[in-house]
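**Q** Residue numbers (our numbering), protein chains in the order written: chain C, 3 to 303; chain G, 11 to 327.
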Amino acid sequence: MIPGRLSDTVGVIPPTEMRVLEAAGPKSPRTVSQQLLRSPTFLIGAAIVVFWIVCAVFGNSFAPHNPLAQQLLATNATLSGAHLFGTDQLGRDVLSRVIVGAHNILVIAPMATLLGTALGTALGLVMGYFGGTVDAVVGRLVETVLALPVIIVAVLFVRALGPSIPTLVVVIGFVFAPLIARTVRAAVLVERDLDYVAAAHLRGDKAPHIMFVEILPNVLPPILVEFTVRIGYAIFTVATLSFLGLGPPPPTPDWGADIAANYSVISAGYWWETLFPALAIASLVVAVNLIADGVESVLAQ
Amino acid sequence: MAAYLLKRVGLSIVTLFLLSIVVFYAGQVLPGDPGRFILGPLAAHSAVLTLDRQLGVERPLVDQYWTWISGFVHGNMGTSYEYQAPVEPYITSAAVQSLKLASVAFVIVVPLSILGGVVAALKAGGPIDRIISIGGLSGSTLPEFVSGIILLEIFAVAFHVLPATATSPMGSSVVTQLDHLILPAIPLVLVLFGYVSRMARAGTIEALASDYARTAALKGLRRSVVIRRHVLRNALLPTITVIATQMGYLIGGLVVVETLFNYQGIGSLVLGAVNSKDFPMLEAGVLLIGVVYMLATLLADISYSLLNPRIRLGGGE
Numbered sequence: 003m004i005p006g007r008l009s010d011t012v013g014v015i016p017p018t019e020m021r022v023l024e025a026a027g028p029k030s031p032r033t034v035s036q037q038l039l040r041s042p043t044f045l046i047g048a049a050i051v052v053f054w055i056v057c058a059v060f061g062n063s064f065a066p067h068n069p070l071a072q073q074l075l076a077t078n079a080t081l082s083g084a085h086l087f088g089t090d091q092l093g094r095d096v097l098s099r100v101i102v103g104a105h106n107i108l109v110i111a112p113m114a115t116l117l118g119t120a121l122g123t124a125l126g127l128v129m130g131y132f133g134g135t136v137d138a139v140v141g142r143l144v145e146t147v148l149a150l151p152v153i154i155v156a157v158l159f160v161r162a163l164g165p166s167i168p169t170l171v172v173v174i175g176f177v178f179a180p181l182i183a184r185t186v187r188a189a190v191l192v193e194r195d196l197d198y199v200a201a202a203h204l205r206g207d208k209a210p211h212i213m214f215v216e217i218l219p220n221v222l223p224p225i226l227v228e229f230t231v232r233i234g235y236a237i238f239t240v241a242t243l244s245f246l247g248l249g250p251p252p253p254t255p256d257w258g259a260d261i262a263a264n265y266s267v268i269s270a271g272y273w274w275e276t277l278f279p280a281l282a283i284a285s286l287v288v289a290v291n292l293i294a295d296g297v298e299s300v301l302a303q
Numbered sequence: 011m012a013a014y015l016l017k018r019v020g021l022s023i024v025t026l027f028l029l030s031i032v033v034f035y036a037g038q039v040l041p042g043d044p045g046r047f048i049l050g051p052l053a054a055h056s057a058v059l060t061l062d063r064q065l066g067v068e069r070p071l072v073d074q075y076w077t078w079i080s081g082f083v084h085g086n087m088g089t090s091y092e093y094q095a096p097v098e099p100y101i102t103s104a105a106v107q108s109l110k111l112a113s114v115a116f117v118i119v120v121p122l123s124i125l126g127g128v129v130a131a132l133k134a135g136g137p138i139d140r141i142i143s144i145g146g147l148s149g150s151t152l153p154e155f156v157s158g159i160i161l162l163e164i165f166a167v168a169f170h171v172l173p174a175t176a177t178s179p180m181g182s183s184v185v186t187q188l189d190h191l192i193l194p195a196i197p198l199v200l201v202l203f204g205y206v207s208r209m210a211r212a213g214t215i216e217a218l219a220s221d222y223a224r225t226a227a228l229k230g231l232r233r234s235v236v237i238r239r240h241v242l243r244n245a246l247l248p249t250i251t252v253i254a255t256q257m258g259y260l261i262g263g264l265v266v267v268e269t270l271f272n273y274q275g276i277g278s279l280v281l282g283a284v285n286s287k288d289f290p291m292l293e294a295g296v297l298l299i300g301v302v303y304m305l306a307t308l309l310a311d312i313s314y315s316l317l318n319p320r321i322r323l324g325g326g327e
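#1: Check the Cβ of M304(G) against every Cβ in chain C and list those closer than 8 Å, keeping chain order.
#2: Where do the N-terminal and C-terminal ends of the alpha helix (DSSP H) with S285(C) fall, by residue?
#3: Please state if the CB of F203(G) and the CB of G262(G) are separated by a distance shorter than 7 Å.
#4: Mind checking the region 212-230 of chain C against chain G and listing, in chain order, the residues whose C-beta falls within less than 8 Å of any C-beta there?
#5: I'd like the list of long-range same chain contacts for D256(C), defined as Cβ closer than 7 Å, with 5 residues on each side in sequence excluded.
#6: Evaluate E298(C) with the Cβ neighbour count: other Cβ atoms within 10 Å of its Cβ, from every protein chain shown; 16 or more gives buried, anything less gives exposed.
#7: Would you kindly work out how many angstroms separate the C-alpha atoms of D288(G) and G271(C), rounded to a whole number?
#8: Would you grab the beta carbon distance between T43(C) and L292(C) for me? Rounded to a whole angstrom, and I think it's under 8 Å.
#9: For the region 217-231 of chain G and the region 268-287 of chain G, state whether three or more C-beta atom pairs, one from each stretch, are separated by less than 8 Å.
#10: If we count the other Cβ atoms within 10 Å of its Cβ and call it buried at 16 or more, is T185(C) buried or exposed?
#11: For D95(C), does the three-state DSSP call read helix, strand or coil?
#12: Return helix, strand or coil for E24(C), following the three-state DSSP convention.
#13: Since A280(C) meets chain G, which of its residues come closer than 7 Å, beta carbon to beta carbon?
#14: Out of E92(G), V106(G) and E154(G), which has the shortest C-alpha to C-alpha gap to G258(C)?
#15: According to a CB-to-CB cut-off of less than 7 Å, which residues of the region 138-156 of chain G neighbour chain C?
#16: Does any C-beta atom of chain G lie closer than 7 Å to the C-beta of F274(C)?
#17: On the premise that V140(C) lies in contact with L125(C), defined as a C-beta separation below 8 Å, what is that separation, rounded to the nearest angstrom?
#18: Which first and last residues belong to the alpha helix (DSSP H) in which G141(C) is found?
#19: CB-CB under 7 Å to L108(C), same chain, minus the five flanking residues each way: which ones, in chain order?
#20: In the DSSP assignment, the alpha helix (DSSP H) including S207(G) goes from what residue to what residue?
#21: Using a Cβ cut-off of 7 Å (strictly closer), state whether V287(C) contacts chain G.
#22: Considering only their Cβ atoms, is the gap separating A284(C) from L198(G) smaller than 7 Å?
#23: Consult DSSP for P96(G) and reduce its assignment to one of helix, strand or coil.
#24: Under the rule that 16 or more other beta-carbon atoms within 10 Å means buried, what is R243(G), buried or exposed?
#25: Can you tell which of G230(G), T249(G), I253(G) and A226(G) has the C-alpha that lies nearest to the C-alpha of H240(G)?
#26: Would you tell me roughly how many angstroms separate the C-alpha atoms of Q37(C) and I124(G), rounded to the nearest one?
#27: Looking at the structure shown, is T89(C) part of a helix, part of a strand, or coil, going by DSSP?
#28: Within 10 Å of its beta-carbon, does G56(G) have 16 or more other beta-carbons around it, so buried, or fewer, so exposed?
#29: To the nearest angstrom, how far is the alpha carbon of Y332(G) from that of A104(G)?
#30: Is there a Cβ of chain G sitting closer than 7 Å to that of V140(C), yes or no?
#31: For the alpha helix (DSSP H) containing T43(C), list its first residue and its last residue.
#32: Spatial neighbours of V51(C) within its chain, please: C-beta separation below 8 Å, excluding the five flanking residues on both sides.
#33: Compare the C-beta of V128(G) against all C-beta atoms of chain C and say whether one is closer than 7 Å.
#34: Compare the beta carbon distance of L415(G) and L172(G) with 7 Å and say whether it is the shorter of the two.
#35: Identify which residue in H67(C), R32(C), I237(C) and T33(C) has its Cα closest to the Cα of V156(G).
#36: Could you tell me the alpha carbon to alpha carbon distance between V296(G) and N78(C), rounded to whole angstroms?
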């Protein structure tokens with residue numbers, strides 16, 4: 003890539019690269035967690051995420067109604083004691099669907115991010131460490147993938163492979179990998195010229211050993227920041243794909259799909275069917291960003 | 011400089027070529043048979059095979075790719091399977107619609123996010139800075155349909171101040187069209203705001219700490235004059251070029267917003283083509299998106315390098 007190119011540091015997708023530049027220097031995991039526990043933004047974010055994780059795991063046992071049960075005599079019912087968030091077009095309890103609906107997104111988003119981070123880290127290490135032709139060829143392929151909006155690439159491949167939880171994890175993971183690779187590559191370029199890498203060369207260490215054992219631990223902080231920020235975008239992507247009809251198939255409760263199924267009746271005044279799932283997604287997104295902000299500021303200190 | 015430009019344009023052409031291959035083969039992986047799709051489930055098997063042969067979908071993929079890309083270069087984007095008509099008019103009209111919506115979003119977001127970024131930078135570290143930064147970041151990861159739904163319920167349903175659909179009646183005045191486009195533009199604005207304001211903030215902080223800003227302050231200029239005359243000018247140029255790199259995101263956002271607000275733009279066109287397996291429409295739409303994005307990035311890079319003497323004069327890494 004050309005030195006100083008703008009798009010090397012600023013990506014198609016907003017602010018991660020900028021944040022990564024701010025994170026520097028290894029720290030012991032113990033100090034990091036101690037500092038995190040003193041950060042109010044991190045704690046508030048973590049509390050909200052823990053709440054949704056509890057809903058995702060145990061939701062079925064404490065939801066007031068069966069989220070799949072249709073009451074065809076009580077469709078589009080407004081908020082009441084029996085249905086705190088009202089019912090949808092099929093008479094299903096909106097509160098129960100919001101509680102149980104946390105499951106899909108909280109399974110897919112972290113797993114996809116994990117896959118994307120693993121792939122992207124490996125790719126970035128190879129590009130940064132070998133440089134030259136390898137970097138140029140892989141870099142061009144990465145640029146090609148990044149030349150299309152993430153959502154369009156994901157829509158194409160999810161439609162081709164058929165919507166399901168594993169498909170979504172794999173597709174989102176693959177789409178995120180180039181973005182993460184770019185960050186890791188930039189960090190590796192700095193490390194590559196340091197003395198410890200030269201020393202490992204002189205000792206006769208093999209390239210995989212140098213990349214994964216010597217360099218990787220030193221580029222972990224930016225990868226960690228990238229991971230937390232990327233989870234936010236994974237939630238964004240999963241929710242959007244569900245909304246576009248490419249999420250796990252119905253009738254499983256799903257925030258994005260429930261909004262898509264009921265947004266045509268907003269103008270009829272049935273606002274609760276879409277507003278509560280929308281607020282659920284919004285709260286999760288804000289919470290993940292609070293956590294990312296906490297992690298970033300602790301690692302950057 | 012000439013060498014840099016040449017290299018940069020050359021790389022774009024390589025990427026564009028790779029992109030056209032990716033787009034073409036991505037279209038092929040969608041399950042289903044075009045002949046069967048056009049003729050419907052009741053048509054005879056032999057008829058489907060004949061149509062497939064006429065469409066040329068039985069030929070080797072390399073052959074098909076060559077026909078497609080050479081047609082594309084000559085301005086022939088192919089014939090839509092779904093509408094049985096040339097693709098161009100659909101693509102053109104959808105692109106114009108999307109351009110209108112995107113322009114409204116840009117006109118709102120650019121001044122707003124620059125203002126936000128500069129204010130955050132001037133109050134760096136304070137509560138206003140934190141609110142703008144965390145709020146901006148949350149806005150930028152809030153899916154457009156989520157903010158869209160919330161805005162729709164507030165402004166269109168509860169208070170009836172803005173129309174709920176993006177499409178205005180045929181032959182509407184510019185004002186009516188704008189009125190319909192404001193609500194759909196806001197979700198896009200929210201996503202872009204976090205990013206652009208962050209860049210504006212970083213640029214302003216850098217300019218504030220620079221030697222020329224300090225010299226101006228030491229000369230005895232008032233702080234407001236220093237900021238207006240020295241800091242802003244240097245902080246904003248890179249920010250403006252950064253905005254061009256957001257085109258790629260913006261088009262992705264259009265898919266969602268156009269679906270939510272029932273608007274016939276390029277995003278909903280591509281989504282519709284994916285769902286109906288209309289290859290020619292899909293490939294033309296996606297390739298157009300790729301080209302627009304690539305041109306925007308190219309312009310951004312070139313203007314950035316013109317503004318930045320270290321690159322213009324051929325400095326190293």
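Idealized CB from N, CA, C, for every residue including glycine.
**A** Let me lay it out:
#1: Taking the first residue of the second sequence as 1, we reach residue 304(G) at position 294. Within 8 Å Cβ-Cβ: A149.
#2: If you number the first sequence from 1, residue 285(C) lands on position 283. Start and end: W274 to A302.
#3: Along the second sequence, one-based indexing puts residue 262(G) at 252. Along the second sequence, one-based indexing puts residue 203(G) at 193. Their beta carbons are not under 7 Å apart, which means G262(G) does not touch F203(G) by this criterion.
#4: Here the close residues number zero.
#5: Position 254 of the first sequence, counting from 1, holds the residue named residue 256(C). In chain order, G103, N106, S244, G249 and P250 place their CB closer than 7 Å to the CB of D256(C), counting only its own chain and leaving out the 5 sequence neighbours on each side.
#6: Here residue 298(C) refers to the residue found at position 296 of the first sequence. Buried: at least 16 other Cβ atoms inside 10 Å.
#7: Within the second sequence, residue 288(G) is the residue found at index 278, counting from 1. Within the first sequence, residue 271(C) is the residue found at index 269, counting from 1. Taking the straight line joining both Cα atoms gives about 36 Å.
#8: For the purposes of this step, residue 43(C) is taken as residue 41 along the first sequence, with counting starting at 1. For the purposes of this step, residue 292(C) is taken as residue 290 along the first sequence, with counting starting at 1. The beta-carbon distance between T43(C) and L292(C), rounded to whole angstroms, is 5 Å. This is short enough to meet the 8 Å contact definition.
#9: Flag = no, the region 217-231 of chain G and the region 268-287 of chain G do not touch.
#10: As a first step, residue 185(C) must be located in the first sequence, where it is residue number 183. That one is buried.
#11: The residue you call residue 95(C) lines up with position 93 of the first sequence. The DSSP-derived three-state label of D95(C) is strand.
#12: Position 22 of the first sequence, counting from 1, holds the residue named residue 24(C). Bear in mind that a pLDDT of 44 at E24(C), under 50, signals an unreliable position, so the model cannot answer this.
#13: The count along the first sequence starts at 1 and reaches residue 280(C) at position 278. Correct list: V156, I159 and I160.
#14: Working through the first sequence from its first residue, we reach residue 258(C) at position 256. With distances taken between Cα atoms, G258(C) lies closest to E154(G).
#15: Under the 7 Å Cβ criterion, the region 138-156 of chain G contributes I144, L147, S148, S150, T151, L152, P153, F155 and V156.
#16: In the first sequence, counting from the first residue as 1, residue 274(C) sits at position 272. Residue 274(C) is actually Trp in this sequence, not Phe. It does not: the Cβ of W274(C) has no partner Cβ on chain G nearer than 7 Å.
#17: Taking the first residue of the first sequence as 1, we reach residue 125(C) at position 123. Taking the first residue of the first sequence as 1, we reach residue 140(C) at position 138. Indeed, because the Cβ distance is near 7 Å, the residues count as touching under 8 Å.
#18: Taking the first residue of the first sequence as position 1, residue 141(C) is located at position 139. Counted as a single uninterrupted DSSP element, the alpha helix (DSSP H) harbouring G141(C) occupies residues G134 to L148.
#19: Locating residue 108(C) in the first sequence gives position 106, counting from the first residue. Excluding positions up to five away in sequence, the list reads W54, I55 and A58.
#20: Residue numbering aside, residue 207(G) sits at position 197 when the second sequence is read from its first letter. Segment V184 to L218, the alpha helix (DSSP H) holding S207(G).
#21: In the first sequence, counting from the first residue as 1, residue 287(C) sits at position 285. So, interface residue.
#22: Translated into the one-based positions of the second sequence, residue 198(G) becomes position 188. Translated into the one-based positions of the first sequence, residue 284(C) becomes position 282. With respect to the 7 Å criterion, L198(G) and A284(C) are not classified as neighbours on the basis of their beta carbons.
#23: What you label residue 96(G) is simply residue 86 of the second sequence in a count that begins at 1. In this structure, P96(G) counts as strand in the three-state DSSP scheme.
#24: By 1-based counting over the second sequence, the position of residue 243(G) is 233. Answer is exposed; the Cβ neighbour count stays below 16.
#25: By one-based count along the second sequence, residue 240(G) stands at place 230. Out of G230(G), T249(G), I253(G) and A226(G), A226(G) has the C-alpha closest to the C-alpha of H240(G).
#26: Start at 1 with the first residue of the first sequence, and residue 37(C) comes out as number 35. Start at 1 with the first residue of the second sequence, and residue 124(G) comes out as number 114. Q37(C) and I124(G) have their C-alpha atoms some 33 Å from each other.
#27: Counting from 1 along the first sequence, the entry for residue 89(C) is found at position 87. Note: T89(C) maps to strand in three-state DSSP.
#28: Taking the first residue of the second sequence as 1, we reach residue 56(G) at position 46. The sequence as given places Ser at residue 56(G); Gly does not occur at that position. Exposed is the call here.
#29: Outside the shown range of chain G, which is 11 to 327, sits residue 332(G), and nothing can be said about it.
#30: Counted from its first residue, the first sequence places residue 140(C) at position 138. With 7 Å as the cut-off, V140(C) does not count as an interface residue toward chain G.
#31: Here residue 43(C) corresponds to residue number 41 of the first sequence, with the count starting at 1. That run of the alpha helix (DSSP H) goes P42 to F64.
#32: Residue numbering aside, residue 51(C) sits at position 49 when the first sequence is read from its first letter. Around V51(C): L286, A289, V290 and I293.
#33: As a position in the second sequence, residue 128(G) is number 118, starting the count at 1. It does not: the Cβ of V128(G) has no partner Cβ on chain C nearer than 7 Å.
#34: The structure shown does not extend to residue 415(G), since chain G is modelled only from 11 through 327, so no value can be given for it.
#35: By 1-based counting over the second sequence, the position of residue 156(G) is 146. In this structure, I237(C) is the residue among H67(C), R32(C), I237(C) and T33(C) with its C-alpha nearest to the C-alpha of V156(G).
#36: In the second sequence, residue 296(G) corresponds to position 286, counting from 1. In the first sequence, residue 78(C) corresponds to position 76, counting from 1. Taking C-alpha positions only, V296(G) is separated from N78(C) by approximately 39 Å.
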